[in-house]
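Working notes, beginning with the structure itself.
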Amino acid sequence: MAKLTKLDDIVSLCKRRGFIFQSSEIYGGLASCYDYGPLGVELKNNVKKAWWKSVVQMRDDVVGLDCSILMHPMVWKSSGHADKFADLIAECKKCNTRTRVDHLKDKEDNNIENASGQDLTNKVCPSCGTIGQFTEPMPFKLMFETQMGANIDDSMTIHLRPETAQGIFANFRNVLDSTRVKVPFGIAQIGKSFRNEVTTKAFIFRTREFEQAELEFFCEPGTDDQWYEHWKEARCKWYTDLGMKKENLRFRDHDPDELAHYAKGCVDVEYKFPFGSGDWQELEGIANRTDYDLRQHQRGMRTLNKWYENDRDLSKISLIDESEDYNKGPLSYFDEQKKERYIPYVIEPSAGMDRSTLAFLVDAYDEEEVRGETRNLLRFHPALAPTKVAIFPLVKKDGMPEIARKIYDNLKKYFNCFYDQKGAVGRRYRRQDEAGTPFCVTVDGQTNEDNTVTVRNRDSMEQTRINADNVLSYMREKLDM
Ligand code: ATP
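Have a look at this one:
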């Protein structure tokens, strides 16, 4: 029960302090869509920045990309999404609620996710509680469709991308030809994806519009197992380096029946989210996708004419088989040292930025009793904290606001800062605790005498006096920025 309260507390703190709002709230909201408020956008941007820094900036073997959300319809034919990207759903005969079959739980079981099995006789409708009264499972397509083009001649049905990865595969040749990358190397991208999800879950965990951070790491066949292990370790370390508690993270290998037919291996990085009875839920998937995607796009390229000939209707065509020498196709790679041509294997770590943001929020959330009062705080890692330093004059007189403003104007050139001169200083500290601000700097009566200010630490609440001229260097050291 305590865990449930925790998520409710987070949802209400997010609303109260401007982290996350329901989308279109003034019109009653839009299901499963959320907006990030002033603190939330800083937090999520910091999560994205930290991912980019670790996966692209700090590595010599990964380059970045930012692809269009709208792509050629054939992309989704080749990737398999057009035909197969669907969830199996069943409808409750009593209340007509549709639920993902793999999300139905057993009568005796509290596990919401990964409840495998197609026998629905023992399953409970999550909406009305009826047991075993379901229609036959049927596929429900997850891609959003829209129309593009104003003229009959060039208008066509296209899809909002359900993942960012395919834009990377579609640009594999462009990146090879325009840069000096050599296998092994990766291409990374952060961007919006869209899925018409059937079961929507707690808060921003599962939404219909979300942001993914994906890396496609291309390597020589035969070296893929090694790289798979490398990325498992690197990605798990990313979460713990940013302060996530080790005991809340684990790996879960996919069962053979969960594994996509082309994947050689897949593991989920799971986080212990405070949903229901305290569930382990996927934060990120890491897969060995073999050479499947590049080979599929080579087939797609060969099929393009058929698409034109069939009124640009994806449902009327199927992909042409691979050519005998597919290994030498347009999406192959020539290894100059070995004088060999092959289609690289791909290791794909695919993380949800909204899910990570939620996990960092949950993990950082804390409540403690201080002098008979409850202190709510977010113990964010400094790299993730939306505001790094808050600067206050103790009172609005005696020259204190002027000195505090000067410190603020200097610091804000380097990090996101906040200036506040309203209300009791204790209240101002509490507000910053709730926003997760690591440090507060207060200018007080003593500042005029000896040019020192108070630095208050969010986690320990300790106060230290330092010289006002040293605030910047002090913060740079403490924040490691
Ligand atoms: P699930 O089984 O939860 O539907 P998935 O296995 O289909 O997820 P992937 O296709 O592997 O998810 O996507 C990679 C990552 O993108 C996930 O680990 C998750 O963090 C994020 N993600 C996927 N779908 C959503 C969604 N609807 N809302 C928020 N994040 C999502």
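Position 142, counted from 1, in the sequence shown is what our numbering calls 867; the numbers after and before it change by one each time, with no gaps. Don't be surprised by glycine CBs; every beta carbon is placed ideally from N, CA and C.
Report, in whole angstroms, the separation of the C-beta atoms of proline 1074 and leucine 940, which I expect to be a contact under 8 Å.
About 5 Å; that satisfies the 8 Å criterion.
Under the assumption that valine 667 contacts valine 1178 (Cβ atoms under 8 Å), give the Cβ distance between them as a whole number of angstroms.
Outside the displayed range of the chain (726 to 1206) lies residue 667, so it cannot be described from this structure.
In whole angstroms, what separates the C-alpha of phenylalanine 744 from that of arginine 1104?
Whole-angstrom Cα-Cα distance: 15 Å.
In or out: methionine 1125 buried (at least 16 other Cβ within 10 Å) or exposed?
Label assigned to methionine 1125: buried.
Leaving aside the five residues before and after isoleucine 929 along the sequence, list all residues of the same chain whose C-beta is less than 6 Å from its C-beta, in chain order.
Result list for isoleucine 929: Tyr759, Asp1079 and Leu1083, in chain order.
Do alanine 1129 and tyrosine 1144 have their C-beta atoms within less than 9 Å of each other?
For alanine 1129 and tyrosine 1144, yes; Cβs fall inside 9 Å.
Under DSSP, the beta strand (DSSP E) around proline 981 begins and ends at which residues?
Note, proline 981: premise wrong, no beta strand (DSSP E); not H, not E.
May I ask whether a heavy atom of the ligand ADP can be found less than 8 Å away from the beta carbon of glutamate 941?
Judged by which ligands are present, the ligand ADP is missing from the structure shown, whose ligands are the ligand ATP.
Am I right that methionine 1186 and leucine 1136 are in contact with their C-beta atoms under 8 Å? What's the rounded C-beta distance?
Between leucine 1136 and methionine 1186 the Cβ distance is about 21 Å, and since that is not below 8 Å, they are no contact.
With distances taken from CA atoms, which of Ile912, Glu1065 and Thr889 is nearest asparagine 899?
The residue with the shortest Cα to Cα distance from asparagine 899 is Ile912.
Using alpha carbons as the reference points, say which of Asp808, Ala890 and Gly1097 lies closest to serine 918.
If we check each option's Cα against that of serine 918, Ala890 comes out closest.
In whole angstroms, what separates the C-alpha of aspartate 1016 from that of tyrosine 987?
Approximately 9 Å between the Cα atoms of the pair.
Rounded to whole angstroms, what's the CA-CA distance from leucine 1044 to threonine 965? Just pull it up for me.
One C-alpha to the other measures close to 43 Å.
Mapping the DSSP letters down to three states, classify isoleucine 735 as helix, strand or coil.
Of the three classes helix, strand and coil, the one that applies to isoleucine 735 here is helix, per DSSP.
Please state whether the Cβ-Cβ distance between valine 1114 and proline 1163 is less than 9 Å.
Cβ distance < 9 Å, so valine 1114 and proline 1163 count as in contact.
Who pairs with tryptophan 776 in a beta bridge, going by DSSP?
In DSSP, tryptophan 776 forms no bridge with anything.
Counting pairs of beta carbons, one from the segment 809 to 825 and one from the segment 771 to 782, are three or more of them closer than 8 Å?
These segments do not touch.
Which of the three DSSP states is assigned to cysteine 961 in this structure?
Here cysteine 961 sits in helix by DSSP.
Please state the DSSP three-state secondary structure of methionine 799.
Helix.
Taking only runs of the beta strand (DSSP E) that begin and end inside the segment 985 to 1065, which ones reach a length of at least 3 residues, in chain order?
Taking only runs of at least 3 residues, the beta strand (DSSP E) segments lying wholly in the segment 985 to 1065 are 990 to 998, 1004 to 1015 and 1058 to 1060.
If you draw a straight line from the C-alpha of lysine 818 to the C-alpha of leucine 829, how long is it?
The alpha-carbon atoms of lysine 818 and leucine 829 are separated by roughly 14 Å.
May I have a chain-ordered list of the beta strand (DSSP E) segments no shorter than 3 residues that lie completely inside the segment 883 to 927?
Segments of the beta strand (DSSP E) lying fully in the segment 883 to 927: 910 to 919.
Note down the Cα distance separating glutamate 833 from leucine 867, rounded to an integer number of angstroms.
Between glutamate 833 and leucine 867, the C-alpha separation is close to 30 Å.
Can you have a look at glycine 753 and say buried or exposed, based on whether 16 or more other CB atoms are within 10 angstroms of its CB?
It counts as exposed.
Residues in its own chain within less than 7 Å of methionine 726 by CB, not counting five upstream and five downstream?
Bear in mind that the predicted position of methionine 726 carries a pLDDT of just 37, short of 50, making it unreliable; the figure below should be weighed with that in mind. Excluding sequence neighbours, methionine 726 sits near nothing in its chain.
Go ahead and pull the three-state DSSP assignment for leucine 829.
Here leucine 829 sits in coil by DSSP.
Under 8 Å: does the beta carbon of isoleucine 1247 sit that close to some heavy atom of the ligand ATP?
Residue 1247 is absent from the model: the chain starts at 726 and stops at 1206.
Please report how far the alpha carbon of threonine 824 lies from the alpha carbon of arginine 1100, in whole angstroms.
Straight-line Cα distance between these residues: approximately 39 Å.
Measuring only the C-alpha atoms, how far is glycine 857 from alanine 815?
Glycine 857 and alanine 815: Cα-Cα distance of roughly 11 Å.
Who pairs with lysine 1100 in a beta bridge, going by DSSP?
A small correction: the amino acid at residue 1100 is arginine; lysine does not occupy that position in the sequence shown. DSSP, once it has assigned bridges, lists Glu1093 as partnering arginine 1100.
Considering just the uninterrupted stretch of the beta strand (DSSP E) at asparagine 1192, what are its terminal residues?
Taken as a continuous stretch (DSSP letters only), the beta strand (DSSP E) holding asparagine 1192 covers 1188 to 1192.
What does a CB cutoff of less than 6 Å around glutamate 888 pick up in its chain, not counting 5 residues either side in sequence?
Excluding sequence neighbours, glutamate 888 sits near Ser918.
Please identify the residue among Ala1110, Tyr1058, His806 and Gln1157 whose C-alpha is closest to the C-alpha of aspartate 1205.
When only C-alpha atoms are compared, the closest one is Ala1110.
Give me, in chain order, the residues of the same chain whose beta-carbon lies closer than 7 Å to that of leucine 1207; leave out the 5 immediate sequence neighbours on both sides.
Outside the modelled stretch of the chain, which goes from 726 to 1206, sits residue 1207, for which no answer is possible.
Taking just the CA atoms, how far does isoleucine 794 sit from alanine 875?
One C-alpha to the other measures close to 19 Å.
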